[in-house]
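Once you know that position 29 of the sequence shown is 28 in numbering that gives the first Met the number 0, the rest is easy, because the numbers rise by one and skip nothing. Ideal Cβ placement from N, Cα and C applies to all residues, glycine included. For reference, the structure discussed in these notes is given below.
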Amino acid sequence: MAERASQSGGALLAASEPAPVRIERPDGSSPFVFICDHASRRIPQSLGTLGLSEMELTRHIAWDIGAAAVTEQFSERFNATAAFQNYSRLVVDCNRCLDVFNSISPVSEDTPVPGNTDLGEAERQLRVDEVFTPYHDAISKILDDRTGQDRETFLVSVHSFTPVFKGFQRPWDFAVVYNRDPRLSHIILDLLAADGDLHLGDNEPYFLSDETDYTLPVHGERRHLPHTQFEIRQDLIETPEQQTKWAVRLGEALDKALEIFRNNNR
């Protein structure tokens, strides 16, 4: 039976629960820094299940299926720092501005989320204070430290997308997403297009904007760091074997893209 727990003041996260952010290889030597905004489907104990069944909480509405595993393999391959959000996007979406309607969405795709309905300002602020803000503060610290050390940094945000959204069958296998700075994204796209075996999305099924996104506009564009967002179709990275296949393929593309980018921007 799905439940909606009630909070009685106090904290959102119990002392026994994970921190809102997990950092892998904080001292990684790579110029790449990987970010996974929707890595987990975990809901804080104080929120119960947000009124959703366990089946609903395994769907794409709760997290980006497969994205964390691919990001972990990137981190290992490159000896790169990686930041992961430890709580579901349904608690608070860490890739949305706080003033947009789907920052804490009462409906995800076509699924009502009872635990996100009619929230008071204090309830919303608690989620921001304990999940959203610490996550982005941790990313800011990573990037501040690298800037202070005069380290070259390329920011890669890793996401996945559902094959079918509101009845529409999405044809793309993989996409890059960008806005003001297309340089790294275009290099990746050109490298993969040369292989000829993928249906590639160029800013589709998603595009990057100040209104729809937070992570790359804030941590990439404002800092003038080269960056890109990967979108991998979820049914292509469901199993460990698929995740490894894509991590290797995209890792090889990132290796080549890094060299091309440096040559183009000497």
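Checklist line | DSSP state of H226 mapped onto helix, strand, coil | finding: Start at 1 with the first residue of the sequence shown, and residue 226 comes out as number 227. Annotated three-state conformation of H226 is strand, per DSSP.
Next item on the list: Please classify F164: is it buried, with 16 or more other beta-carbons within 10 angstroms of its beta-carbon, or exposed?
Entry: Residue numbering aside, residue 164 sits at position 165 when the sequence shown is read from its first letter. Classification of F164: exposed, given that the 10 Å Cβ count is below 16.
Notebook entry, point to check: Nearest to R248 by alpha carbon, out of L49, D172 and P181?
Noted result: The sequence position of residue 248 within the sequence shown is 249, counting from 1. It is D172.
Notebook entry, point to check: Taking three-plus beta-carbon pairs below 8 Å as touching, is the region 63-80 in contact with the region 232-246?
Noted result: Judged by pairs of C-beta atoms under 8 Å, the region 63-80 touches the region 232-246, as three or more such pairs exist.
Next item on the list: Ignoring anything shorter than 4 residues or poking outside the region 44-114, list the alpha helix (DSSP H) runs there in chain order.
Entry: 53-56 and 66-77
Notebook entry, point to check: DSSP state of D209, grouped into three classes?
Noted result: Within the sequence shown, numbered from 1, the residue matching residue 209 stands at position 210. The answer is coil: DSSP assigns D209 none of H, G, I, E or B.
Next item on the list: Could you tell me whether the region 104-121 touches the region 228-242, using the rule of 3 or more Cβ pairs below 8 Å?
Entry: Because the criterion of three Cβ pairs below 8 Å is not met, the region 104-121 and the region 228-242 do not touch.
Checklist line | For G200, three-class secondary structure by DSSP | finding: Taking the first residue of the sequence shown as 1, we reach residue 200 at position 201. Looking at G200 - three-state DSSP - the assignment turns out to be strand.
Notebook entry, point to check: Which runs of the beta strand (DSSP E) spanning at least 3 residues fall entirely within the region 101-181, listed in chain order?
Noted result: Listed in chain order, the beta strand (DSSP E) runs fully inside the region 101-181 are 153-160 and 173-176, counting runs of at least 3 residues.
Check: Given 8 Å as the limit, is there contact between the region 102-115 and the region 23-39, that is, 3 or more CB pairs closer than that?
Finding: These segments do not touch.
Next item on the list: Ignoring anything shorter than 4 residues or poking outside the region 227-261, list the alpha helix (DSSP H) runs there in chain order.
Entry: Within the region 227-261, no complete alpha helix (DSSP H) run reaches 4 residues.
Check: Between T152 and the rest of its own chain, which residues show a CB-CB distance below 7 Å, the 5 nearest in sequence each way excluded?
Finding: As a first step, residue 152 is located in the sequence shown; it is residue number 153 there, counting from the start. For T152, where only same-chain residues beyond five positions count, the Cβ hits under 7 Å are P30, V32, L142, R145 and L224.
Note to self: When you measure from the CB of V106 to every non-hydrogen atom of the ligand SAH, does any distance come out below 6 Å?
What the structure shows: With respect to the ligand SAH, the structure offers nothing, as it holds no ligand at all.
Check: With 16 as the cutoff for other CB atoms within 10 Å, does S208 come out buried or exposed?
Finding: Counted from its first residue, the sequence shown places residue 208 at position 209. Answer is exposed; the Cβ neighbour count stays below 16.
Margin query: Let's see if you can read the secondary structure: which residues bound the beta strand (DSSP E) around V217?
Written below: Position 218 of the sequence shown, counting from 1, holds the residue named residue 217. First-last for V217: undefined, no H or E at that position.
Check: CB V155 to CB V90, shorter than 7 Å?
Finding: Taking the first residue of the sequence shown as position 1, residue 155 is located at position 156. Taking the first residue of the sequence shown as position 1, residue 90 is located at position 91. The answer is no: Cβ separation not under 7 Å.
Checklist line | Identity of the residues DSSP links to R21 by a beta bridge | finding: Position 22 of the sequence shown holds residue 21. According to DSSP, which records beta bridges pairwise, R21 is partnered with F83.
Next item on the list: Would you identify the three-state DSSP class for I187, choosing helix, strand or coil?
Entry: Taking the sequence shown and counting its residues from 1, the one referred to as residue 187 is at position 188. I187 falls in the helix class under three-state DSSP.
Checklist line | Reference P19; option with closest CA among R169, P133 and G27 | finding: Sequence index remark: in the sequence shown, residue 19 carries index 20 (1-based). Put simply, of R169, P133 and G27 the residue whose alpha carbon is nearest the alpha carbon of P19 is P133.
Item checked: Sequence-distant residues of its chain with Cβ nearer than 7 Å to R21 (five each side left out) -> Position 22 of the sequence shown, counting from 1, holds the residue named residue 21. Once the five neighbours on either side are set aside, the close Cβ partners of R21 are F83 and N85.
Checklist line | Cβ contact (3+ pairs, closer than 8 Å) linking the region 197-208 and the region 174-183 | finding: The count of Cβ pairs closer than 8 Å, one atom from the region 197-208 and one from the region 174-183, reaches three, so the stretches are in contact.
Next item on the list: Measure the Cβ-Cβ separation of P170 and D234 and say whether it is below 7 Å.
Entry: Here residue 170 is taken as the residue at index 171 of the sequence shown, counted from 1. Here residue 234 is taken as the residue at index 235 of the sequence shown, counted from 1. Result no, Cβ atoms of P170 and D234 do not sit closer than 7 Å.
Notebook entry, point to check: Do you know whose CA, among D63, N78, L11 and L12, lies nearest D254's CA?
Noted result: Residue mapping note: residue 254 aligns to position 255 of the sequence shown, counting from 1. Among D63, N78, L11 and L12, the Cα nearest to that of D254 is on N78.
Notebook entry, point to check: Which word fits T214, buried or exposed, when buried means at least 16 other C-beta atoms lie within 10 angstroms of its C-beta?
Noted result: For the purposes of this step, residue 214 is taken as residue 215 along the sequence shown, with counting starting at 1. When all chains shown are included, T214 counts as buried.
Check: Start and end of the beta strand (DSSP E) containing I34?
Finding: Here the question's residue 34 lines up with position 35 in the sequence shown. Unbroken beta strand (DSSP E) run through I34: F31 to C35.
Next item on the list: Give a yes or no on whether the C-beta atoms belonging to P204 and F160 are separated by under 7 Å.
Entry: Locating residue 204 in the sequence shown gives position 205, where the first residue counts as 1. Locating residue 160 in the sequence shown gives position 161, where the first residue counts as 1. Against a cut-off of 7 Å, the Cβ pair of F160 and P204 comes out as a contact.
Check: Is the CB-CB distance between R24 and S74 below 7 Å?
Finding: For this step, residue 24 is matched to residue 25 along the sequence shown. For this step, residue 74 is matched to residue 75 along the sequence shown. It is a contact, given that the beta carbons lie within the stated cut-off.
Item checked: Pick from D63, L49 and N263 that is closest to P113, judged by C-alpha positions -> In the sequence shown, residue 113 corresponds to position 114, counting from 1. For the residues D63, L49 and N263, the minimum Cα distance to P113 belongs to L49.
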